[in-house]
Amino acid sequence: MHPKKPFSQACDNNKGPILDTLRQVFTAPTTVLEIGTGTGQHAVHFATHLPHLYWQTSDHPNHYQLCQPWLIDAGLPNIGNPIALNVSQEPWPLMEFSGVFSANTAHIMAWHEVEAMFAGVGRGLADSAVPENEERGQFCLYGPFKYNGDFTSASNQSFDQHLRSHAAHMGIRNIESLIELAQSHGMVLAQDRTMPANNQLLVWRTTTEPEAL
Ligand SMILES: C[S@@+](CC[C@H](N)C(=O)[O-])C[C@H]1O[C@@H](n2cnc3c(N)ncnc32)[C@H](O)[C@@H]1O
2 MHPKKPFSQA CDNNKGPILD TLRQVFTAPT TVLEIGTGTG QHAVHFATHL
52 PHLYWQTSDH PNHYQLCQPW LIDAGLPNIG NPIALNVSQE PWPLMEFSGV
102 FSANTAHIMA WHEVEAMFAG VGRGLADSAV PENEERGQFC LYGPFKYNGD
152 FTSASNQSFD QHLRSHAAHM GIRNIESLIE LAQSHGMVLA QDRTMPANNQ
202 LLVWRTTTEP EAL
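Under this note's numbering, read the sequence shown as residues 2 to 214, first letter to last.
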């Protein structure tokens, strides 16, 4: 094992349940862009178990190298070296993807960054051709969310307070606000899957007819 591999217990706990959904969503060979890769544990797990995908890692320019120890240790042919991507930058360094995955980012980013993430994802999915047997470009967003302003658990409410006490721009997002935002960028909520530990996996799908590969 690489001595400096960063480790997230939450990633280790949720990688199995997330994989079960990704298997059903990303069925055809394609490039999946991961936004906010973090430690790289998710990237290695998903690329190992979904070898038909090319998993393109990325993170904020201040953190994008963090995942390197996991990627180097795994040595997988279907993981792309991390690219520096701040969702607020224009243009994005990579726009060729027909799938997107992001975990635990929407409550860390400021709202204007969440807006930029949906704008960039919507643009990229609209511009990229989708694999032949998939209907639409898809964006899987994992994390805790609120419904009509209500938390799904007391622990999520405490987590939200904890986030806001550290930085006012952070906080658990309302799903209704995300639905509205997604619509303005050509995406609809296709699935909302309840996951362990009071999290959700939201699957957004483009609404326009894609061009086949
Ligand atoms: C809580 S960590 C989640 C990391 C990993 N996805 C996971 O589930 O463990 C939040 C991630 O969002 C990234 N992030 C925050 N703001 C960002 C931005 N403006 N653009 C791209 N990534 C951002 C951080 O660098 C960090 O990797």
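All C-beta atoms, glycine included, are put in the ideal place defined by N, C-alpha and C.
For Asp60, count neighbouring Cβ atoms within 10 angstroms of its own Cβ and tell me buried if that reaches 16, exposed if not.
buried
So, Trp56 versus Ala75, is the Cβ gap smaller than 8 Å?
no
For a quick check, are the C-beta atoms of Ile84 and Pro94 less than 8 Å apart?
yes
For Ala183, decide whether its Cβ has a neighbour in chain D, counting only Cβ atoms nearer than 8 Å.
Among the chains in the structure shown there is no chain D, since it carries only a single protein chain.
Give me every residue whose Cβ sits closer than 5 Å to any heavy atom of ligand 1, in chain order.
Ser9, Cys12, Gly37, Gly39, Asp60, His61, His64, Asn87, Val88, Ala104, Asn105, Thr106, Ile109, Met110 and Glu114
Since I believe Ala48 is in contact with Asn79 (beta carbons under 8 Å), could you give me their beta-carbon distance rounded to a whole number of angstroms?
Taking the Cβ atoms as the reference, Asn79 lies roughly 5 Å from Ala48, within the contact range of under 8 Å.
Mind listing, in chain order, the continuous alpha helix (DSSP H) runs of no fewer than 4 residues lying wholly within the region 139 to 164?
none
Selection from Gln25, Arg206, Pro145 and Pro18 that minimises the alpha carbon distance to His46:
Pro18
Which stretch, first to last residue, makes up the beta strand (DSSP E) that contains Leu126?
Unbroken run through Leu126 is the alpha helix (DSSP H), Trp112 to Asp128; no beta strand (DSSP E).
Just confirm the distance between the C-beta atoms of His108 and Gly144, as a whole number of angstroms; I'd bet it's less than 8 Å.
6 Å
Gly81 in three-state terms, based on DSSP:
strand
Three or more C-beta pairs closer than 8 Å, one from the region 157 to 164 and one from the region 126 to 143: is that the case here?
no
Do Ile173 and Phe140 have their C-beta atoms within less than 8 Å of each other?
no
For Ala183, which residues from the same chain have a beta carbon less than 7 Å from its beta carbon, with the 5 sequence-adjacent residues on both sides left out?
Phe119, Val189, Leu190 and Trp205
State the DSSP-derived secondary structure class of Ala104, mapped to helix, strand or coil.
In the structure shown, Ala104 sits in a strand (DSSP, three-state: E or B).
Tell me, please, which residues DSSP counts as bridged to Glu35.
Answer by DSSP bridge pairing, in chain order: Phe102.
Which one or two residues does DSSP pair with Asn200 in a beta bridge?
Met196
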